[in-house]
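Input: a single structure, listed below in structure tokens.
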Amino acid sequence: MKRILITGANKGIGLATVKKLLESYSDTYVLLGSRDLSRGQHTLNELVNSNQQWNDRIDLIKIDVEQDDSVNSAAEEVAEKFGKNAGTLYGIVNNAGIGNSTSGMNKILQVNTYGIKRVCEVFIPLLDTTAGRIVNVTSASGPMFLAGCSEKVKRLLTNPEVNWAEIETFMNESLKASSESGETVGQSSGLGTAYGLSKACTNAYTIYLARQIPNLIINACTPGFIETDLTRPMAEAGGKTPAEMGMKSPEEGASASIFLLMGTPEGSGHYYGSDCLRSPMDRYRSPGDPPYTGD
Ligand SMILES: NC(=O)c1ccc[n+]([C@@H]2O[C@H](COP(=O)([O-])OP(=O)(O)OC[C@H]3O[C@@H](n4cnc5c(N)ncnc54)[C@H](OP(=O)(O)O)[C@@H]3O)[C@@H](O)[C@H]2O)c1
Numbered sequence: 003m004k005r006i007l008i009t010g011a012n013k014g015i016g017l018a019t020v021k022k023l024l025e026s027y028s029d030t031y032v033l034l035g036s037r038d039l040s041r042g043q044h045t046l047n048e049l050v051n052s053n054q055q056w057n058d059r060i061d062l063i064k065i066d067v068e069q070d071d072s073v074n075s076a077a078e079e080v081a082e083k084f085g086k087n088a089g090t091l092y093g094i095v096n097n098a099g100i101g102n103s104t105s106g107m108n109k110i111l112q113v114n115t116y117g118i119k120r121v122c123e124v125f126i127p128l129l130d131t132t133a134g135r136i137v138n139v140t141s142a143s144g145p146m147f148l149a150g151c152s153e154k155v156k157r158l159l160t161n162p163e164v165n166w167a168e169i170e171t172f173m174n175e176s177l178k179a180s181s182e183s184g185e186t187v188g189q190s191s192g193l194g195t196a197y198g199l200s201k202a203c204t205n206a207y208t209i210y211l212a213r214q215i216p217n218l219i220i221n222a223c224t225p226g227f228i229e230t231d232l233t234r235p236m237a238e239a240g241g242k243t244p245a246e247m248g249m250k251s252p253e254e255g256a257s258a259s260i261f262l263l264m265g266t267p268e269g270s271g272h273y274y275g276s277d278c279l280r281s282p283m284d285r286y287r288s289p290g291d292p293p294y295t296g297d
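Mapping the sequence shown onto the numbering used here, position 199 (from 1) lands on 201, and the numbers just tick up by one.
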């Protein structure tokens, strides 16, 4: 069985990814990550009620990606239950994330960028060393953010040789600049600066990590514009329905993660669009446009 950890899987795109794996890939065993055990248990019960056979293919793991202790305990729990060795896990889907409407740039970076790094650091030793995969769910907000940055920043965050220290320095400079300018994030219902910054930095981390661990397949993707608790407030603010805003279903939002996890992506350290085609990290590529070739 391919054991796969999915963070933030109690609802939204994470839950849709769990369902798709259970429905369409009978060789998978899903570790449903949830920062809140009761919310996770509720979701797990609903899944098992909808299909009793899934009971043998799913387990609940408490994991808050913002907290070192929680991520460490989650890895210990997985190791105790399933084995401490490489090969215990086939894949990790770093899906958990928050939008701007929460509480500021630091928090967004702590969940959307540092959260993914935390999970990777403690769970990679459990991954299959020959076939293991990591999917980082980022966003088209990353390339859109980078498109508006200076050439220097674009080069930094798309550099094949980028390292974590450089990414972290850039995040620290951004935090300092935002506190000095008094810029507020967290009020906007759109996915603006801090969110885009966090996703652009996670894309850059994906380049770095893939270079560090060439035996794993590590990629990032956007799910597309998907109706979830994250985006519904945008429709409400605009007085439109999610469909009128162009939002798609969580099931459609799971496609790119599933492709990167179970399909045949070319290479590692890349960013994919919601249509499962490679896309540039420094400008938006629409679904339907020709794939990015890396030139
Ligand atoms: N929806 C879109 O259009 C869209 C577009 C681009 C990218 N994305 C990305 O897709 C991913 C999933 O988003 P979604 O739209 O499905 O949003 P969602 O419905 O709000 O789900 C987010 C999930 O992340 C969890 N989460 C939040 N903070 C966490 C933490 N500190 N530790 C662990 N889990 C945490 C949430 O748990 P709780 O239930 O406990 O809050 C929830 O399970 C995110 O990374 C998001 O940035 C979404």
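We treat Cβ as the ideally placed atom computed from N, Cα and C, and that holds for glycine.
For ILE215 and SER276, the gap between their C-alpha atoms comes out near 25 Å.
With three or more CB-CB distances shorter than 8 Å, the region 135–149 counts as touching the region 275–295.
If you check the C-beta of LEU199 against ligand 1, you find no heavy atom less than 7 Å away. The region 130–163 is shown to contain whole beta strand (DSSP E) runs of 3 or more residues at 135–139, in chain order. In this structure, GLY117 lies near VAL67, with their beta-carbon atoms less than 8 Å apart.
Going by beta carbons, CYS203 and TYR273 fall outside the 8 Å limit.
Contact between the region 247–254 and the region 166–185 is absent, with fewer than three C-beta pairs closer than 8 Å. Between the region 176–184 and the region 230–244 there are fewer than three inter-stretch CB-CB distances shorter than 8 Å, so the stretches are not counted as touching. The nearest non-hydrogen atom of ligand 1 is less than 7 Å from the C-beta of PRO225.
Distances from the CA of SER36 to each of GLU229, GLY14 and SER259 were compared; the closest alpha carbon is that of GLY14. When distances are taken from the beta-carbon of GLU79 to the heavy atoms of ligand 1, even the shortest one reaches 7 Å or more.
Here ILE228 is bridged, per DSSP, to LYS250.
Taking every protein chain shown into account, the CB of LYS201 has 16 or more other CB atoms within 10 angstroms, so this residue is buried. For ARG5, the uninterrupted beta strand (DSSP E) run begins and ends at 4–8, by DSSP. In this structure, ARG120 lies near VAL73, with their beta-carbon atoms less than 8 Å apart. Here DSSP, grouped into helix, strand and coil, assigns LEU199 to helix. Only exposed fits PRO235, as fewer than 16 other CB atoms lie within 10 angstroms of its CB. Cβ contact annotation for SER259 (same chain, cutoff 8 Å, sequence separation greater than five): ILE15, THR19, VAL95, ASN97, VAL137, VAL139, CYS223 and PRO225, in chain order.
Straight through space, the alpha carbons of LEU218 and GLY134 are spaced by roughly 5 Å. DSSP, read as helix, strand or coil, puts SER36 in strand. Judged by DSSP in its simplified three-state form, CYS223 adopts strand.
With a threshold of 7 Å, the Cβ atom of SER40 does not count as near ligand 1, since no heavy atom of the ligand is closer than that.
Within the region 13–73, the complete beta strand (DSSP E) segments of 3 residues or longer fall at 30–36 and 60–64, listed in chain order. For ASN96, the enclosing beta strand (DSSP E) begins and ends at 93–96. Taken through DSSP and simplified to helix, strand or coil, ARG280 comes out as strand.
Sequence-distant Cβ neighbours of LEU128 in its own chain, meaning closer than 6 Å and more than five residues away, are THR90 and LEU91. Residue range 234–240 is occupied by the alpha helix (DSSP H) that includes PRO235.
In this chain, the alpha helix (DSSP H) harbouring GLU182 covers 166–183. No heavy atom of ligand 1 is found nearer than 7 Å to the CB of SER75.
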